[in-house]
């Protein structure tokens with residue numbers, strides 16, 4: 002039998018996670034508006050509503066993690082190693098995801114930046130050399146980084162990470178299978194989601 006004891010989550014963790022989630026959401030919005038080149042396919046209304054509700058509930062989930070919060074002293078006095086490590090991982094994973102989004106957009110645009118095609122092309126470069134969907138892997142790392150900022154103490158947030166793991170792994174596997182079926186020259190060493198693993 003394994004016993005997990007959760008100790009208090011510093012208030013700084015809650016504030017920092019909320020701030021980084023806002024930064025992440027804003028970055029993704031800007032990428033969708035100004036970087037990504039979407040196909041002419043339509044998003045089902047149910048998927049759209051689910052996405053909006055997901056991010057609202059996500060913010061509330063962060064606040065739920067604060068019911069254990071210890072708030073002695075100023076926020077800065079609560080700074081610990083896991084806040085720094087989680088923030089560094091967040092920045093690195095965000096850059097990795099952005100680079101992947103830029104590479105994907107480049108598959109549909111010319112050198113001038115104008116859209117040339119909406120067709121799917123074989124992605125290459127960056128983390129695409131290791132996995133079919135590095136942007137999904139980066140998304141998982143972003144959520145893991147936020148769990149680290151909680152000091153690994155929020156069971157609720159670990160459940161969010163687990164959801165993201167399964168959701169992104171499934172999407173990556175479907176995309177990977179599509180690439181394999183469409184491109185005979187698809188690199189055999191590429192994994193779907195996690196380098197060298199899955």
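In the numbering used here, the protein residues as written are 2 to 199. Heads up, the beta-carbon is just placed ideally off N, CA and C, and yes, glycines get one too.
Span of the alpha helix (DSSP H) around residue 169: Along the chain shown, read from residue 1 onward, the residue named residue 169 stands at position 168. Here the alpha helix (DSSP H) through residue 169 covers 156 to 183.
Proximity below 8 Å, CB of residue 199 to CB of residue 170: Walking along the chain shown from the start, residue 199 turns up at place 198. Walking along the chain shown from the start, residue 170 turns up at place 169. Yes, the pair counts as a contact, with Cβ atoms nearer than the cut-off.
Through-space distance from residue 162 to residue 192, alpha-carbon basis: In the chain shown, residue 192 corresponds to position 191, counting from 1. In the chain shown, residue 162 corresponds to position 161, counting from 1. Whole-angstrom Cα-Cα distance: 20 Å.
Status (buried if at least 16 other CB within 10 Å, exposed otherwise) for residue 15: Along the chain shown, read from residue 1 onward, the residue named residue 15 stands at position 14. When all chains shown are included, residue 15 counts as buried.
Neighbourhood of residue 86 by C-beta distance below 7 Å, restricted to the same chain and skipping five residues each side: Sequence index remark: in the chain shown, residue 86 carries index 85 (1-based). For residue 86, where only same-chain residues beyond five positions count, the Cβ hits under 7 Å are 149.
Anticipated Cβ contact below 8 Å, residue 63 with residue 19, distance rounded: Counted from its first residue, the chain shown places residue 63 at position 62. Counted from its first residue, the chain shown places residue 19 at position 18. Yes, residue 63 and residue 19 are in contact; Cβ-Cβ is about 5 Å, under 8 Å.
Closest residue to residue 79 among 186, 43, 179, 151 (Cα-Cα distance): Locating residue 79 in the chain shown gives position 78, counting from the first residue. Nearest option by C-alpha distance: 151.
Euclidean distance between Cα positions of residue 182 and residue 75: The sequence position of residue 182 within the chain shown is 181, counting from 1. The sequence position of residue 75 within the chain shown is 74, counting from 1. Each residue's Cα considered, the two are about 56 Å apart.
Beta-carbon spacing of residue 116, residue 109 below 8 Å: Residue 116 sits at position 115 when you count from the first residue of the chain shown. Residue 109 sits at position 108 when you count from the first residue of the chain shown. Closer than 8 Å, so yes.
8 Å Cβ shell around residue 187 - same chain, five flanking residues per side excluded: Numbered from its first residue, the chain shown carries residue 187 at position 186. The residues are 123, 180, 181.
Anticipated Cβ contact below 8 Å, residue 165 with residue 140, distance rounded: In the chain shown, the residue the question calls residue 165 occupies position 164. In the chain shown, the residue the question calls residue 140 occupies position 139. About 6 Å; that satisfies the 8 Å criterion.
C-alpha distance - residue 174 paired with residue 65, whole-angstrom precision: Numbered from its first residue, the chain shown carries residue 174 at position 173. Numbered from its first residue, the chain shown carries residue 65 at position 64. Straight-line Cα distance between these residues: approximately 32 Å.
Residue 103, DSSP secondary structure in three states: Start at 1 with the first residue of the chain shown, and residue 103 comes out as number 102. It is helical.
Through-space distance from residue 49 to residue 144, alpha-carbon basis: Sequence index remark: in the chain shown, residue 144 carries index 143 (1-based). Sequence index remark: in the chain shown, residue 49 carries index 48 (1-based). Spanning the two alpha carbons is a distance of roughly 21 Å.
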